[in-house]
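Quick notes on the structure that follows.
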Amino acid sequence: MPLPLDPDHVSPDAPATPVPPAPVDHHCDVLVVGGGINGVGIARDLAGRGWSVVLCEQDDLASHTSSASTKLIHGGLRYLEHREFGLVRKALQEREVLLRSAPHVMWPLRFVLPHDASMRPAWLIRLGLWLYDHLARREFLPASRAVSLRDSPLGEPLKPGWTQGFVYSDGWVDDARLVALCALDAAERGAQVLTRTRVASIRPDGGCWRIDLSRRDAATGLETRRVAVRARAVVNAAGPWAEHLLREVMAVPPSAAAKPARKASAPACAQATGQGAPGGALRLVKGSHIVVPKLFTHDHAYIFQGQDRRIIFAIPYERDFTLIGTTDVEFRGDPAHVAIDEDETAYLCRELGRYLRRGIAPSDVVWSYAGVRPLLDDAHGSASAVTRDYLLQAQSRPAPWLTVWGGKLTTFRLLSEQAADQIGELLGESRRPWTDSAPLPGGDLSDVLDELRDPATDIAAFQVQLRQRHPWMDLGLAKRWSRAYGSRALRLLDGITSRADLGAEVAPDLYEAELFYLKRQEWALTADDVLWRRSKLGLHCTPAQRQAVADWFAAQAQVCAQAFHHSAMTRQAAD
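The letter at position 321 of the sequence shown is residue 302 when you use the working numbering, and the numbering goes up by one with no holes.
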């Protein structure tokens, strides 16, 4: 009679019992890591092509680099001096495409360049501006011209020694709102956008990726739940954290052999096809800005060249202020904790003092911000000379992945289009691009205006229409909402017939109706999300008023927690 088998003993000759796969909360085609401009741009493009997409961001959208820019849509006039003609042309081609796509958060801006004869001759400036005007087609931006600063209002804020200059065109953008609009467009095309969600692990799983995500409470930062995702491909758009994600989390070894990069379809953009990242792929450079009370009354910006030949902008900002920046400082700390230092503030004040009649001091600064730019390391010695171009590195093993190295705000749409093309190649499903003529949410004014002309004219006409439809709105609120939301302001105002319908005024010009909209539609969960990213109302508020917004969000979180508690008790009682 045979002995009974030990249930814990398995014969080496016995067939292995298959281990059931761990449960997965979401299945998708592509997981995008990073809620900055490149991450949301790629998620938007992929979702618009019909792929299922999950995007995760460890903090709020645009919490880091993408809300800390100089807020320009520009070709980069100074890059001509570094002979980056391909990058400049590519950015100039994108400039008017972007301005048309979202005239509410981007608009044309004229720049004044005082001529410093000690730096370079006037003929060289004229040649550079001629190239800037003609490297790409312009449909509505005016050409550059010379200006006598002695006889023009543009010269009034300057010291008497600055008598000659030039004026040229570029664009301005509300960078954090641009990120939010791309995320909103991605979500409306089917993408799942998960903010306050950190990647805990990424590992290959049968030709796909298994990703464990850690969702956190916006107020406390504590983990609230784990989410498991199985994705056919992963896009690493983590900005300053891209190399960490690739090396430490995805465990792609730096010693893996890399094939030579090949040129992609657009100039100055390479696709690396090897398994490892480019050696020394990222160079982290800190850029800092200061905001001071308004220094001049006209609507042009200034571009100044410092004594060290770095560029500094002085830009009209938020009605009552002037934005000044930027610096270029090597950064080796934690990108999550970056701030301007005293030397940077003193440098910006000192360099502006060379040009402006009214000097500024560190004590004049009402706000400052800093961000870490993840630049593609091209071995230049100077941080300010490092290229702002980008590289897309794609690989099909151990499962399809793509990493974004470098980049700049102006070229995000083109970068996203090329990334989506490459993801399609990896998945074996080529799908057509679509974003070059697609408006962002709020950017389509054709349903409101009888005739579209150019971005600046169209948004001004929309403001008039908005006040005609809602005559109870004061001009300030109409201007702000038309700029922030474009045609989506009509959705926000649906059913509202008077100021009383907006609910409580939680802070000056900030009503509950808008807070609920931002919370439900744009992932705003804290006061900082609203006051410093979805808007810059924080500049116009006192500390007590900012605290009132924080208290409103805390009260809303408590209401949600109580509702969840009661629903859980109801389910438990039913069981």
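All C-beta atoms in this analysis are idealised placements derived from N, C-alpha and C, irrespective of residue type, glycine included.
{"Query": "Count Cβ pairs between the region 390 to 408 and the region 127 to 143 that sit closer than 8 Å; are there 3 or more?", "Result": "no"}
{"Query": "Under 8 Å, with one C-beta from each stretch per pair, do the region 80 to 90 and the region 426 to 437 reach the 3-pair mark?", "Result": "yes"}
{"Query": "Are the CB atoms of Lys275 and Val319 within a distance shorter than 7 Å?", "Result": "no"}
{"Query": "Is Glu299 near Lys517, with beta carbons less than 7 Å apart?", "Result": "yes"}
{"Query": "Count the other CB atoms, across all protein chains shown, that sit within 10 Å of the CB of Arg184; report buried if there are 16 or more and exposed otherwise.", "Result": "exposed"}
{"Query": "Counting only the same chain and skipping the five closest in sequence on each side, list residues whose C-beta sits under 8 Å from that of Ala549.", "Result": "Unreliable positioning characterises Ala549 in this predicted model, as indicated by a pLDDT of 49, which lies under 50. The coordinate reading is nonetheless provided below. Excluding sequence neighbours, Ala549 sits near nothing in its chain."}
{"Query": "By DSSP's criteria, Gly146 is part of a beta bridge. Which residues make up the other side?", "Result": "Pro95 and Val128"}
{"Query": "Sort Ile293, Ile54 and Ala83 by Cα distance to Gln74 and report the nearest one.", "Result": "Ile54"}
{"Query": "Measure from the alpha carbon of Gly476 to the alpha carbon of each residue in His451, Ala488 and Ser468, then state which is nearest.", "Result": "His451"}
{"Query": "Taking just the CA atoms, how far does Gly152 sit from Ala282?", "Result": "11 Å"}
{"Query": "Hey, Asp370 and Leu68 are a contact pair by Cβ (cut 8 Å); roughly how many whole angstroms apart?", "Result": "5 Å"}
{"Query": "Any idea which residues DSSP pairs Arg300 with across the strands?", "Result": "Arg300 pairs with nothing; no bridge assigned."}
{"Query": "Do Val160 and Ala43 have their CB atoms nearer than 7 Å?", "Result": "yes"}
{"Query": "Under 7 Å between the Cβ atoms of Leu421 and Ser82?", "Result": "yes"}
{"Query": "Do Tyr149 and Leu116 have their C-beta atoms within less than 7 Å of each other?", "Result": "no"}
{"Query": "Do Arg30 and Arg412 have their C-beta atoms closer together than 7 Å?", "Result": "yes"}
{"Query": "At a cut of 8 Å, does the region 316 to 334 reach the region 194 to 213 through at least three beta carbon pairs?", "Result": "no"}
{"Query": "Among Gln444, Phe147, Gln399 and Thr307, which one has its Cα closest to the Cα of Pro102?", "Result": "Phe147"}
{"Query": "Going by beta carbon distance, what residues of the same chain come within less than 8 Å of Asp490, once the five residues before and after it are set aside?", "Result": "Gly457, Leu458, Arg461, Leu518 and His521"}
{"Query": "For the region 219 to 232 against the region 393 to 410, are there 3 or more C-beta pairs whose distance is under 8 Å?", "Result": "no"}
{"Query": "DSSP three-state call for Lys500: helix, strand or coil?", "Result": "helix"}
{"Query": "Identify, in the order they occur along the chain, each residue of the same chain with its Cβ nearer than 6 Å to the Cβ of Leu426, setting aside the five sequence neighbours on each side.", "Result": "Asp439, Phe443 and Ser468"}
{"Query": "Taking 6 Å as the limit between beta carbons, can you name the residues of its chain near Gln145, skipping five residues before and five after?", "Result": "His96"}
{"Query": "Looking only at C-alpha atoms, which of Glu323, Arg338 and Gly352 sits nearest to Ser344?", "Result": "Glu323"}
{"Query": "Quick one, which of Glu410, Leu122 and His45 has its alpha-carbon nearest Glu77's?", "Result": "Leu122"}
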